[in-house]
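Below: one structure, written as structure tokens.
Residue numbers (this note's numbering), protein chains in the order written: chain B, -5 to 133; chain G, 20 to 201.
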């Protein structure tokens, strides 16, 4: 009887600890997730543009290491952001939101960035937009 | 000579009507309040396009771009509620009523209604909302708030979570748009 109570209390304790862990689970980020693929910015964009559904299946929530040239940078209340050129004729871009404030990025710079793929937004006027989040600058 | 006149007239009118404003970094957020819990989600990567000549407005957001306070909430939101892998986007397509009352060439605050269809979780529903357009120095800050019922978009909240998640979400949209030049 006593033994049963001890086991039960351990099981309960374990459940509580697991509950606390789940509640406080840190958000996934490109700093900790395994890299799924290394790809050039224009190639990633073309893939999403030509085949949005298949590409979403392949890349959604995956950590992508992307290389490209910086078109614009922004620091706002929601953090650091930058946009990579794709060279596409519809003005499509890769938009990146950084995990932490990342200030040493210049327009025109060649960069390598890891980020979690959030998907693709097509727009007739603005051109498409592949979004990467929780990103970190590699070089 | 006549052709030239016609041509220049044509270019003049196109420049007058090239009145598209846009941004890729607009805000869209929602808020659920119950006695048990407040839940807030923000998305700062929302694209907005307004055509002032026709009054057309289009807003698109990726569901996976909504950020919650807790990672677990974000997971549940994407997997159980809006099913982001099946329905990755939330979109709004509508018209600004009485669009002529908004003078984008003159600084000021303009209020008018927007009517359109909001598509979430594969279900489209018509909404009308009061919006504010603040014009200042060539930029337009568009802002509105309205309520969305989860059941209207076939989003089911489990009975045991009804006390934690409100059936009605307060949606806030805000974006600073600038003239779009290709």
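Beta carbons are placed, not taken as given, at the ideal position from N, Cα and C, and that holds for glycine.
Asked	Found
Under the assumption that residue 174/G contacts residue 100/G (Cβ atoms under 8 Å), give the Cβ distance between them as a whole number of angstroms.	5 Å
Using a Cβ cut-off of 9 Å, which residues of the segment 116 to 127 of chain B contact any Cβ in chain G, in chain order?	116, 117, 118, 119, 120, 123, 125, 127
For residue 34/G, would you say it is in contact with chain B, using Cβ-to-Cβ distances shorter than 8 Å as the test?	Here residue 34/G scores only 48 on pLDDT, less than 50, and its place in the model should not be relied on; the value that follows carries that caveat. It does not: the Cβ of residue 34/G has no partner Cβ on chain B nearer than 8 Å.
Of all the alpha helix (DSSP H) runs that stay within the bounds of the segment 68 to 125 of chain G, which reach a length of 4 or more residues?	90 to 95
Do residue 55/B and residue 28/B have their C-beta atoms within less than 8 Å of each other?	no
Could you tell me which whole beta strand (DSSP E) segments of length 3 or greater appear in the segment 38 to 64 of chain G?	39 to 52
Any beta-carbon of chain B closer than 8 Å to the one on residue 183/G?	no
If residue 90/B and residue 80/B are in contact, beta carbons under 8 Å, what's the gap, nearest whole angstrom?	Between residue 80/B and residue 90/B the Cβ distance is about 12 Å, and since that is not below 8 Å, they are no contact.
Is residue 199/G helix, strand or coil when you go by DSSP?	coil
Counting contacts by CB-CB distance shorter than 8 Å, is residue 49/G in contact with chain B?	no
Candidates 116/B, 71/B, 18/B, 63/B: which alpha carbon is nearest residue 100/B's?	63/B
What do you reckon, is the C-beta of residue 140/G under 7 Å from a heavy atom of the ligand FMN?	Among the components modelled here there is no ligand, and therefore nothing to report on the ligand FMN.
On the premise that residue 78/B lies in contact with residue 65/B, defined as a C-beta separation below 8 Å, what is that separation, rounded to the nearest angstrom?	6 Å
Which chain C residues sit within Cβ distance under 9 Å of residue 192/G?	As a matter of chain content, chain C is missing from the structure shown, whose protein chains are B and G.
For residue 208/G, I'd like the list of residues in its chain whose CB is within less than 6 Å of its CB, leaving aside the five on either flank, ordered along the chain.	The requested residue 208/G does not occur in the structure, where chain G is confined to residues 20 to 201.
DSSP beta-bridge partners for residue 53/B?	Answer by DSSP bridge pairing: none, since residue 53/B is not bridged.
Identify which residue in 189/G, 130/G, 200/G, 42/G has its Cα closest to the Cα of residue 51/G.	189/G
Could you check what DSSP says for residue 3/B in three-state terms: helix, strand or coil?	helix
DSSP state of residue 132/B, grouped into three classes?	coil
Kindly say whether residue 111/G, judged by its beta-carbon, lies nearer than 8 Å to any beta-carbon of chain B.	no
Just tell me which of 69/G, 186/G, 46/G has its CA closest to the CA of residue 117/B.	69/G
Which residues in chain B sit within 9 Å of residue 83/G, going by Cβ to Cβ distance?	54, 55, 110, 111, 112, 113, 125, 127
For a cutoff of 8 Å on Cβ pairs, would you count residue 50/B as touching chain G?	yes
Determine the contact status of residue 49/B and residue 114/B, defining contact as a CB-CB distance below 8 Å.	yes
Taking the straight line between their C-alpha atoms, what separation do you get for residue 171/G and residue -4/B?	53 Å
Taking the CB atoms as reference points, tell me whether residue 42/G and residue 195/G lie closer together than 8 Å.	yes
Tell me whether the beta-carbon of residue 136/G lies closer than 8 Å to the beta-carbon of residue 112/G.	yes
Under 6 Å Cβ to Cβ from residue 67/B, same chain only, skipping five residues before and after it: list those, please.	76, 99
With which residues is residue 188/G paired in a DSSP beta bridge?	167/G
For residue 169/G, would you say it is in contact with chain B, using Cβ-to-Cβ distances shorter than 8 Å as the test?	no
Given a threshold of 16 other Cβ atoms within 10 Å of its Cβ, counted over all protein chains shown, does residue 19/B qualify as buried or as exposed?	exposed
Quick one: which chain G residues come within Cβ less than 8 Å of residue 3/B?	Under the 8 Å cutoff, chain G gives no residues; its nearest Cβ is about 25 Å from residue 3/B.
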